[in-house]
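Start counting the sequence shown at 7; every next residue gets the next number (the working numbering). All C-beta atoms, glycine included, are put in the ideal place defined by N, C-alpha and C. The structure presented is a predicted model; accordingly, all values stated were derived computationally and were not measured.
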Amino acid sequence: MSALLRVSLRQLEYFVAVGTLGTMGAAAGECQVSQSAISLAVSDLERALDVQLFLRQKAKRLQLTAAGRQVLGDARRLLAQAEELQSTARSLGGDATGQLVVGCFPSLSSYVMPTVLDALAREHPGMDVQFAEGSVAELQGWLHDGTCEVAVMYGMGVDPSLETTDLYLVRPHVELATDHPLAARRKVRLANLADEPMILLDVPPSEQLFRGVLAEAGVTPKIARRVVSVDGVRALVATGRGYTVLLQRPIVAASPIGLEVAVCEIVEPVSPVAVQLVRAAATRSTRRAEAFSDVCRRYLHEGARRTGIAD
């Protein structure tokens, strides 16, 4: 019997749990089996594959070897395909069902999550979509290692080995406190804000984009605060601590503390940025991922145009 035929889905499931959680004990709790069952499954898998998957250090988290990291990604994909096979067999001619993990850039979540979940609840009630928020680097890593099957993110700094589909375009804009002297204007010149404090969204690659937009307008920003969340940026702007440049327009021009912000277009020429659906090109899409992608293409673009957050 070949080594491949000696590898079971259960072994792969337990290995993925250990590789994700870092300890046999945590994996045992997650899989609801004994720690010895987890340990035996991992050892049997290593023998079947003839490779060491973990570096075992006493009283420390298990560390994946280089081979272990590669096998972890492959195992996740195999388990996803096995679940897809089971799902398809159960619902031949029927609907997409089962769990789908979707990555999402944090500043897009407040629009993407409710819009997509509402549509999926109507059209594919058997699907369970779980969102995982992360940076561009994290999202791309999760796509490569199989943690996420698909992600929604800005089309900036995306690994060319990933497959992308444009959903809608957004254009950088300025946000000000409502009592700012320029707040009543529909459009503002960045040059008119050159001497004012800026609240910078300090999340790559957004930071580089905003600096580039300002530089093209001949503005060197006077950065008063660096904040890693859009909500935090808007709260500081709403209380008059500076202006900001952001991509995703708010559907309701209010900060998390209840104060409104003024949203203004930029007079100087600025290029739009695509919000994209991203997936690993080397893997076959499951029915769940296809259903999710279809909903995104139909609802996100139209919703973004209707609410005014798209270009």
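With respect to Val-269, Val-234 sits apart: the two C-beta atoms are not nearer than 9 Å. According to the DSSP assignment, Gly-35 belongs to the alpha helix (DSSP H) that extends over 30-37. Under the three-state reduction of DSSP output, Phe-137 falls in the strand class.
Following the DSSP letters along the chain, one finds Tyr-305 in no alpha helix (DSSP H), marked with neither H nor E.
Residue state for Pro-112 is assigned as helix, using DSSP reduced to three classes. Within 10 angstroms of the beta-carbon of Ser-113 lie 16 or more other beta-carbons, which makes it buried. Judged by DSSP in its simplified three-state form, Gln-63 adopts coil rather than helix or strand. Proximity to Val-225 across Leu-242, Arg-240, Asp-185, Pro-203 peaks at Pro-203, based on C-alpha coordinates.
Residue pairing for Val-158: DSSP places it in a beta bridge opposite Cys-110, Leu-283. If you compare the alpha carbons of Glu-169, Gly-161, Ala-190 with that of Leu-175, the shortest gap goes to Gly-161. Apart from the 5 residues on each side of it in sequence, His-150 sits with its Cβ closer than 7 Å to the Cβ of Gly-79, Ala-286 in its chain, given in chain order.
In the structure shown, Leu-206 falls within a strand segment according to DSSP collapsed to helix, strand and coil. Listed in chain order, the non-local C-beta contacts of Val-77 below 8 Å within the same chain comprise Phe-21, Leu-55, Val-57, Leu-59, local neighbours out to five positions each way being set aside. DSSP places Gln-105 in the strand class (E or B) of the three-state scheme. In this structure, the CA atom of Ala-280 is about 46 Å from the CA atom of Arg-12. In the three-state reduction of the DSSP assignment, Ala-310 falls in the helix class, which pools H, G and I.
For Glu-169, same chain residues with a beta-carbon under 6 Å away, outside a window of 5 residues either side, are Arg-285, Ala-287 in chain order. Our two residues, Glu-144 and Ala-157, have alpha carbons roughly 11 Å apart in a direct line. Arg-177 is positioned such that its CB atom lies closer than 9 Å to that of Leu-253.
Each residue's CA atom was taken as its position, placing Ala-86 and Ser-45 some 22 Å apart.
Collapsing the DSSP output to three states places Asp-56 in coil. For Ala-200, the CB contacts under 7 Å within the same chain, skipping 5 residues up- and downstream, are Val-225 in chain order. In the three-state reduction of the DSSP assignment, Arg-195 falls in the coil class. Counting along the chain, Tyr-174 sits inside the beta strand (DSSP E) bounded by residues 168-176. About 6 Å separates the beta carbons of Val-122 and Val-301, which is inside the 8 Å limit, making them a contact pair. With 16 or more other CB atoms across the displayed protein chains lying within 10 angstroms of its CB, Glu-90 is buried. Within the same chain, and ignoring the five residues on either side of Val-118 in sequence, the residues whose Cβ sits closer than 7 Å to its Cβ are Cys-110, Val-158, Leu-306. The C-alpha of Ser-116 lies about 41 Å from the C-alpha of Ala-43. Under the criterion of beta carbons closer than 8 Å, Arg-82 and Thr-153 qualify as touching, at roughly 7 Å.
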